[in-house]
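Written out below as structure tokens is the structure these notes cover.
2 protein chains.
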Amino acid sequence: MAAVLGYRELAERLREAVLEGVHPLGAKLPSENEISARFGVSRSTVRRAFALLTEEGVIASHQGARRTVLAAPREQNFGELRSFSRWARLIGEVPSSRTVGLERGTASEVEAEAEKLGLAVGDPVFRLTRVRLLSGRPVMIERTSYVERVGVLLSAVDLDRESICDALEKFGIFFEHAEHTIEAVQADAVDARLLETAAGTALLRERRRTTDPSGQPLEWSDDRYLGDAMAFTVRNSVASAPLSRSTRSIRPTRAN
Amino acid sequence: MAAVLGYRELAERLREAVLEGVHPLGAKLPSENEISARFGVSRSTVRRAFALLTEEGVIASHQGARRTVLAAPREQNFGELRSFSRWARLIGEVPSSRTVGLERGTASEVEAEAEKLGLAVGDPVFRLTRVRLLSGRPVMIERTSYVERVGVLLSAVDLDRESICDALEKFGIFFEHAEHTIEAVQADAVDARLLETAAGTALLRERRRTTDPSGQPLEWSDDRYLGDAMAFTVRNSVASAPLSRSTRSIRPTRAN
DNA sequence: CAGTGGTCTAGACCACTTG
DNA sequence: AAGTGGTCTAGACCACTGC
Chain A
37 MAAVLGYREL AERLREAVLE GVHPLGAKLP SENEISARFG VSRSTVRRAF
87 ALLTEEGVIA SHQGARRTVL AAPREQNFGE LRSFSRWARL IGEVPSSRTV
137 GLERGTASEV EAEAEKLGLA VGDPVFRLTR VRLLSGRPVM IERTSYVERV
187 GVLLSAVDLD RESICDALEK FGIFFEHAEH TIEAVQADAV DARLLETAAG
237 TALLRERRRT TDPSGQPLEW SDDRYLGDAM AFTVRNSVAS APLSRSTRSI
287 RPTRAN
Chain B
37 MAAVLGYREL AERLREAVLE GVHPLGAKLP SENEISARFG VSRSTVRRAF
87 ALLTEEGVIA SHQGARRTVL AAPREQNFGE LRSFSRWARL IGEVPSSRTV
137 GLERGTASEV EAEAEKLGLA VGDPVFRLTR VRLLSGRPVM IERTSYVERV
187 GVLLSAVDLD RESICDALEK FGIFFEHAEH TIEAVQADAV DARLLETAAG
237 TALLRERRRT TDPSGQPLEW SDDRYLGDAM AFTVRNSVAS APLSRSTRSI
287 RPTRAN
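Which chain is which? The protein sequence lines are A and B, in order.
Using this note's numbering, read the first sequence as starting at 37 and increasing by one per residue.
Using this note's numbering, read the second sequence as starting at 37 and increasing by one per residue.
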């Protein structure tokens with residue numbers, strides 16, 4: 037029998053049903069058999085769709101009992117997280133940026149830069165510093181080191197106008213995986229000047245290592261957000277824990 | 037044919053193989069058919085095991101190409117994230133705590149407490165404030181509101197000795213899902229005194245809403261970590277984005 | 001074009017929850 | 001005891017990668 041519906045579409049239908057209140061928070065969902073009959077797909081397809089929703093934190097699953105609705109489905113995708121511009125537009129703000137500097141350098145040991153980029157100390161890198169603004173107000177400093185093959189493409193990008201993420205995709209560079217480390221730091225003199233705030237202000241620092249589909253490092257970034265402008269949210273459960281806690285200062289860090 | 041191996045065990049075997057260097061970072065893994073033949077399981081079971089590793093960020097998967105090793109497997113589970121004590125012991129530190137206060141109160145609108153706990157304003161809650169220490173050094177302030185059915189059990193727990201998480205499990209209370217919001221804030225006078233630091237120090241604030249297996253809220257917590265002591269780490273990819281970004285100050289917050 | 005992963009089906013058995 | 005989700009199998013077809 038030909039599948040009328042794929043598991044992604046089925047998941048989308050179920051998400052909509054939750055959003056429309058067909059299945060309120062805490063309600064029990066129909067069984068796998070009911071759904072497979074109703075939509076004309078096999079039980080496996082239903083399970084695949086449910087697996088998606090479970091991963092998203094929308095439903096909870098337990099052997100023997102029907103699934104329950106945990107939370108409202110959220111719009112969230114990797115692109116919005118990767119790209120400041122895309123994210124800003126999504127929340128209805130006007131994103132802009134001011135380039136502070138773009139320079140060619142060599143990978144150093146500071147902050148484990150070489151290691152994080154999978155390079156030897158001394159290999160060429162490109163370092164870009166930008167201030168990102170929401171509707172004209174500075175909210176973030178981005179300090180990114182790119183590996184050479186990505187960095188050389190940056191000269192072809194209008195850094196203050198285009199989204200780097202969008203631009204690089206045209207050159208066949210895809211940011212696919214990322215590991216984020218999130219900490220709180222105090223603004224130093226440079227941070228304070230760039231963000232037009234006082235030194236000592238609490239900043240949320242996100243250090244991010246992004247790789248392409250095959251795991252090759254593309255960039256290593258140190259982003260600092262104004263503490264009262266940004267937050268990160270993570271959902272997890274016993275079944276999947278993408279979040280972990282760690283102590284800082286594993287290795288001494290020099291000032292930038 | 038009876039399965040010799042389940043998908044969890046197979047995943048564990050593969051994790052070990054990566055850890056032992058059988059499959060170095062960036063290497064291509066054997067195909068699904070090879071593994072299914074070698075371990076005597078069906079292709080579906082292999083795919084299930086690979087799905088686990090993909091979720092953990094250990095491997096990357098792309099149609100048509102063999103899977104590649106992305107990162108080393110990590111020990112991480114929900115328990116270590118949920119329980120400060122368990123986590124501390126895992127990293128070889130001695131956890132302890134100092135109870136500042138435990139009081140019975142009523143759910144308020146402050147910080148959306150009632151809403152987050154699924155209660156009406158005025159319903160009973162228990163509020164616990166503790167300072168958590170690593171090897172005698174204060175590193176975190178925990179301010180948690182519990183729903184009544186959990187809170188009443190707290191009087192039976194030696195808060196300064198036992199792990200609340202462990203103790204509540206004995207009463208059949210299981211923390212299963214959580215949503216974390218992570219921000220940077222500056223220590224106020226109270227925070228500073230409890231953490232033995234200066235007011236204005238950058239703190240990492242984690243606000244956490246935890247629910248039981250069926251999605252019923254159990255606790256709503258505001259944890260503040262000394263900025264130079266803690267970090268959170270998240271792995272994600274285009275395929276699964278458990279992390280999202282948001283602007284703060286959606287609703288005005290009163291001081292605690 | 002051969003190999004590989006992605007999707008789907010149909011059916012079986014087991015472990016657990018619920019009335 | 002009936003219903004429900006969890007696991008596993010065997011086989012089919014498709015879409016994409018890489019030689």
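The C-beta atom is built at its ideal place from N, Cα and C for all residues, glycine as well.
A quick note: this is a predicted structure, and the numbers were derived from the prediction, not measured.
Proximal chain B residues relative to residue i, where beta-carbon distance stays under 8 Å
| i | result |
| --- | --- |
| I218 of chain A | I218, L240, A267, F268, T269, V270 |
| S273 of chain A | F114, E212, H213, A214 |
| P160 of chain A | The premise fails here: P160 of chain A is roughly 20 Å from chain B at the closest Cβ pair, so nothing lies under 8 Å. |
Run of the beta strand (DSSP E) containing residue i, from where it starts to where it stops
| i | result |
| --- | --- |
| S80 of chain B | Careful: S80 of chain B lies outside any beta strand (DSSP E), inside the alpha helix (DSSP H) at 79-91. |
| R102 of chain A | 101-105 |
Close Cβ partners of residue i (< 6 Å) along its chain, the five nearest in sequence each way excluded
| i | result |
| --- | --- |
| A214 of chain A | R244, T246 |
| S199 of chain B | S119, S121 |
| A51 of chain B | Sequence inspection shows Arg at residue 51 of chain B; the Ala mentioned does not correspond to that position. The residues are P109. |
| R271 of chain A | G93 |
| T81 of chain B | Y43 |
| P174 of chain A | V167, L231, E232 |
| A291 of chain B | Per-residue confidence for A291 of chain B stands at a pLDDT of 32, beneath the threshold of 50, marking its modelled position as unreliable; no derived number is given. |
| L195 of chain B | T135 |
| L164 of chain A | L138, T180 |
| A150 of chain B | A143, V157 |
| F201 of chain A | Per the sequence shown, the amino acid found at residue 201 of chain A is Cys instead of Phe. Cβ within range, chain order: R118, S119. |
Sequence-distant residues of the same chain with beta carbon closer than 7 Å to residue i, five excluded per side
| i | result |
| --- | --- |
| H59 of chain B | A53, L65, V105 |
| S78 of chain B | S72 |
| T212 of chain B | The residue asked about is misnamed: residue 212 of chain B is Glu in this sequence, not Thr. Excluding positions up to five away in sequence, the list reads T247, D248, P249. |
| I95 of chain A | L65, F86, L89, R103, T104, V105, L106 |
| F268 of chain A | I218 |
Residues of its chain near residue i, where Cβ-Cβ distance is below 8 Å and the 5 sequence neighbours each way are ignored
| i | result |
| --- | --- |
| E184 of chain A | D159, P160, V161, F162 |
| V130 of chain A | A124, L170, S171, G172 |
| N69 of chain A | R79 |
| V186 of chain A | F162, L204, I209, L254, E255 |
| K206 of chain B | none |
| T289 of chain B | In this prediction, T289 of chain B has a pLDDT of 32, which is less than 50 and means its spatial position is unreliable; nothing more can be read from the coordinates. |
DSSP beta-bridge partners of residue i
| i | result |
| --- | --- |
| S257 of chain B | B:T180, B:R244 |
| E219 of chain B | B:R241 |
| S273 of chain B | A:H213 |
| E139 of chain B | B:R163 |
| S133 of chain A | A:R168 |
| P174 of chain B | B:L169 |
| V94 of chain A | Paired residues: none, contrary to the question. |
| K64 of chain A | A:T104 |
| L262 of chain B | B:L239 |
Endpoints, the alpha helix (DSSP H) within which residue i is located
| i | result |
| --- | --- |
| I71 of chain A | 68-75 |
| R125 of chain A | 120-126 |
| A225 of chain A | 225-231 |
| V54 of chain B | 43-55 |
| D322 of chain A | Any answer about residue 322 of chain A is impossible in this case: the structure gives chain A only from 37 up to 292. |
| A234 of chain B | Where A234 of chain B is concerned, there is no enclosing alpha helix (DSSP H), given that its DSSP letter is neither H nor E. |
| E149 of chain A | 149-152 |
Within chain A, partners of residue i - CB distance below 7 Å
| i | result |
| --- | --- |
| P249 of chain B | A96, H98 |
| V226 of chain B | Those do not exist, as V226 of chain B stays about 16 Å from chain A at its closest Cβ, beyond 7 Å. |
Cross-chain neighbours of residue i in chain A, by beta carbon under 9 Å
| i | result |
| --- | --- |
| L61 of chain B | G154, G251 |
Proximal chain B residues relative to residue i, where beta-carbon distance stays under 9 Å
| i | result |
| --- | --- |
| V221 of chain A | A220, A238, G263, D264 |
| G187 of chain A | Simply none; closest approach about 21 Å. |
Cross-chain neighbours of residue i in chain A, by beta carbon under 8 Å
| i | result |
| --- | --- |
| L106 of chain B | H213, T247, G251 |
heavy atom of the ligand ADP below 7 Å from residue i C-beta
| i | result |
| --- | --- |
| I177 of chain B | The ligand ADP is absent from the structure shown, which contains no ligand whatsoever. |
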